[in-house]
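A.B. asks:
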Amino acid sequence: VSYNLTGVGISNAEQIAYRALTVYCTANTDYKAVRSAWISAAQDLQGTNSWVPRVKAAWDAVDVGRITIDSLPSASSITYGQPLSSSTLSGGSASSHGSTVPGSFAWSTPSANPNAGTFSQSIRFQANNSTYYSTVTDAVNLTVNQAPPTITWNNPSTITYGTALSGSQLNAKSSVPGSFDYSPASG
334 VSYNLTGVGI SNAEQIAYRA LTVYCTANTD YKAVRSAWIS AAQDLQGTNS
384 WVPRVKAAWD AVDVGRITID SLPSASSITY GQPLSSSTLS GGSASSHGST
434 VPGSFAWSTP SANPNAGTFS QSIRFQANNS TYYSTVTDAV NLTVNQAPPT
484 ITWNNPSTIT YGTALSGSQL NAKSSVPGSF DYSPASG
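Count along the sequence shown starting at 1, add 333, and that's the number in this note's numbering.
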């Protein structure tokens, strides 16, 4: 795993460290709690929009609080035209340093409508404690079944026996591109 970190600047990091040490840490604080202290201090000083993601990324880079997906969830199949959110992700687990991390899996792009077939789709694991843990992404295979076509055929007007069929009787429409073969044919 490689990281490309954007820092908060040395003077800001000093402020975060000072606040974490003076407000949140004690002599018995372990690494997990220090990570949480730094994140809380960054949030106190700057809110959640700027420094918090950077502080989390820095702790992830030194492997404190980083989540590992141990087993991927399975995805229920959907039918073409349905969004990913129609598929249920079940099972799967994640951990950090050997301890199970409670949380849930979800589609990264739940409103996407994939084509029919089997595809690898992006998922994310969000820990219940999002202050301490960062979101992790991976991918699972999803089967998208073909949608059955819908045929619409209005009742044609009455014709006299022996009259050739025409486009006014043979005017079925389908929800998918294609053509119809009528029997008997037009004419």
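Backbone N, C-alpha and C define an ideal beta-carbon position, used for all residues, glycine too.
Going by CA-CA distance only, name the one from Ser419, Asn361, Asn488 that's closest to Asn446.
C.D. replies: On the sequence shown, position 113 is the one that residue 446 refers to. Ranking the options by Cα distance to Asn446, first place goes to Ser419.
A.B. asks: So the beta strand (DSSP E) Gln502 belongs to, where does it begin and stop?
C.D. replies: As a working note, residue 502 is residue 169 in the sequence shown. Counting along the chain, Gln502 falls outside any beta strand (DSSP E), and DSSP gives it neither H nor E.
A.B. asks: Under the DSSP definition of a beta bridge, which residues are partnered with Arg457?
C.D. replies: Here residue 457 corresponds to residue number 124 of the sequence shown, with the count starting at 1. The partner list for Arg457 (beta bridge, DSSP) reads Ala439, Thr470.
A.B. asks: Check each candidate in Ser508, Phe513, Ser512 and name the one with the smallest Cα separation from Gly414.
C.D. replies: In the sequence shown, the residue the question calls residue 414 occupies position 81. Closest by alpha carbon: Ser508.
A.B. asks: With distances taken from CA atoms, which of Ser453, Arg387, Ser463, Cys358 is nearest Pro406?
C.D. replies: Working through the sequence shown from its first residue, we reach residue 406 at position 73. Out of Ser453, Arg387, Ser463, Cys358, Ser453 has the C-alpha closest to the C-alpha of Pro406.
A.B. asks: Considering just the uninterrupted stretch of the alpha helix (DSSP H) at Asp514, what are its terminal residues?
C.D. replies: Along the sequence shown, read from residue 1 onward, the residue named residue 514 stands at position 181. Careful: Asp514 lies outside any alpha helix (DSSP H) and carries neither H nor E.
A.B. asks: Does DSSP classify Leu475 as helix, strand or coil?
C.D. replies: Working through the sequence shown from its first residue, we reach residue 475 at position 142. Three-state result, Leu475: strand.
A.B. asks: Buried or exposed for Phe323, going by 16 or more other Cβ atoms inside 10 Å?
C.D. replies: Nothing about residue 323 can be reported from this structure: the residues present for the chain run from 334 to 520 only.
A.B. asks: As an exercise, report each continuous beta strand (DSSP E) stretch of at least 3 residues that is fully enclosed by the segment 377-432, in chain order.
C.D. replies: Listed in chain order, the complete beta strand (DSSP E) runs (minimum 3 residues) inside the segment 377-432 are 401-404, 426-429.
A.B. asks: In this structure, how does DSSP classify His492 when only helix, strand and coil are distinguished?
C.D. replies: As a first step, residue 492 must be located in the sequence shown, where it is residue number 159. Sequence inspection shows Ile at residue 492; the His mentioned does not correspond to that position. Three-state result, Ile492: coil.
A.B. asks: Spatial neighbours of Ile400 within its chain, please: C-beta separation below 6 Å, excluding the five flanking residues on both sides.
C.D. replies: Position 67 of the sequence shown holds residue 400. Within the same chain, Ile400 has close Cβ partners Ala427, Ser429, Val434, Tyr466, Val469.
A.B. asks: Can you give the Cα-Cα distance for Thr442 and Ser455, rounded to whole angstroms?
C.D. replies: Against the sequence shown, residue 442 aligns to sequence position 109. Against the sequence shown, residue 455 aligns to sequence position 122. C-alpha separation (whole angstroms): 7 Å.
A.B. asks: Report the residue from Glu347, Asn461, Ser344 whose alpha carbon sits nearest the alpha carbon of Ala439.
C.D. replies: Within the sequence shown, numbered from 1, the residue matching residue 439 stands at position 106. Of Glu347, Asn461, Ser344, the residue nearest in Cα terms is Asn461.
A.B. asks: Would you report the Cα separation of Tyr351 and Ser432, rounded to the nearest angstrom?
C.D. replies: Taking the first residue of the sequence shown as 1, we reach residue 351 at position 18. Taking the first residue of the sequence shown as 1, we reach residue 432 at position 99. Cα to Cα, Tyr351 sits roughly 29 Å from Ser432.
A.B. asks: Skipping 5 residues on each side, what residues in its chain have a beta carbon closer than 8 Å to that of Ile402?
C.D. replies: Translated into the one-based positions of the sequence shown, residue 402 becomes position 69. Only Gly425, Ser426, Ala427, Phe458, Val469, Asp471 meet the Cβ criterion.
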